[in-house]
Amino acid sequence: MPGVVVLNCVLFVNLELSHWLVDRWSRRTTGEMFHRPVLQVFRQFARCQSTDSLSAILERSMNKVQLLGRVGQDPVMRQADGKNPVTIFSLATNELWRSGENEVFQPAGDVNQKTTWHRVSVFRPGLRDVAYQHVKKGARLLVEGKIDYGEYTDKNNVRRQATTIIADNIIFLTDLRDKP
């Protein structure tokens, strides 16, 4: 495909010239309608491939987590010295699989289950308060956020590692008036 060759070659010229080349190529080969999407895709690709410091700053990355599960304990609100309060609760997710010779889902064979517990922290002021008031043990939730790896010092002055889900959004899948 000639477009791929042009894009690969353009990566080795300076960024201004590469935009001009992509502009000319995309208008000629794809028509005006596809010019902007081609240029946007190329810019993202060029940022990833470029080694200059400006491109490194503009480079995109992603840290996104979605968890669907049940709350393991009622939330607690904590506040460290002079820091913003945080609502914390645990969320369990389950994984099921069937073991045996034929691992296709059939009535025969053993069903295995693995439960993974996640620590969820809510820092956003509005969401933090809603989570503290309405999240209850056993509630089914969809939590969207990012994963954070950090360290803390425990009561015995030992450094520990912790993995936390920083919630950006919580969707309640059980009625808030019902007790699950």
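Residue numbers (mature numbering (1 follows the signal peptide of the UniProt record, and there is no 0)): -20 to -1, 1 to 160.
Heads up, the beta-carbon is just placed ideally off N, CA and C, and yes, glycines get one too.
Since we're looking at a predicted model, the values are computed, not measured.
Using DSSP with H/G/I as helix, E/B as strand and the rest coil, what is A142?
Within the sequence shown, the letter at position 162 stands for residue 142. Collapsing the DSSP output to three states places A142 in a strand.
Suppose the cutoff is 6 Å on Cβ atoms and the five residues either side in sequence are ignored; what does the same chain contact list for T144 look like?
Within the sequence shown, residue 144 is the residue found at index 164, counting from 1. Apart from sequence neighbours up to five positions away, the residues of its chain that approach T144 with a beta-carbon distance below 6 Å are R99, S101, D128, ordered along the chain.
Bounding residues of the beta strand (DSSP E) (the contiguous stretch that carries D90)
Taking the sequence shown and counting its residues from 1, one reaches residue 90 at position 110. Residue range 90 to 102 is occupied by the beta strand (DSSP E) that includes D90.
Which residue from G49, D54, N64 puts its Cα closest to that of E75?
Start at 1 with the first residue of the sequence shown, and residue 75 comes out as number 95. Cα-wise, what sits closest to E75 is G49.
How should L121 be labelled, buried or exposed, when 16 other C-beta atoms within 10 angstroms of its C-beta is the threshold for buried?
Reading the sequence shown from its first residue, position 141 is the one you call residue 121. L121 comes out buried.
Quick one: what's got a C-beta closer than 6 Å to N64's C-beta in the same chain, skipping five residues either side?
The count along the sequence shown starts at 1 and reaches residue 64 at position 84. Residues of the same chain with a CB within less than 6 Å of the CB of N64, apart from the 5 flanking positions on each side, do not exist.
If you count every other CB in all the chains shown that lies within 10 Å of the CB of L153, and 16 or more means buried, which is it?
For the purposes of this step, residue 153 is taken as residue 173 along the sequence shown, with counting starting at 1. Classification for L153: exposed.
Can the beta-carbon of T73 be found closer than 8 Å to that of L107?
Residue numbering aside, residue 73 sits at position 93 when the sequence shown is read from its first letter. Residue numbering aside, residue 107 sits at position 127 when the sequence shown is read from its first letter. Cβ atoms of T73 and L107: not closer than 8 Å.
Express the C-alpha separation of Y112 and D61 in angstroms, rounding to a whole number.
Numbered from its first residue, the sequence shown carries residue 61 at position 81. Numbered from its first residue, the sequence shown carries residue 112 at position 132. For D61 and Y112, the distance between alpha carbons rounds to 20 Å.
Taking the alpha helix (DSSP H) that V110 falls in, what are its first and last residues?
As a first step, residue 110 is located in the sequence shown; it is residue number 130 there, counting from the start. First-last of the alpha helix (DSSP H) with V110: 105 to 114.
From V66, R40, N92, residue whose alpha carbon lies closest to that of R78
Residue mapping note: residue 78 aligns to position 98 of the sequence shown, counting from 1. Just measuring C-alpha positions, the residue of V66, R40, N92 sitting nearest R78 is N92.
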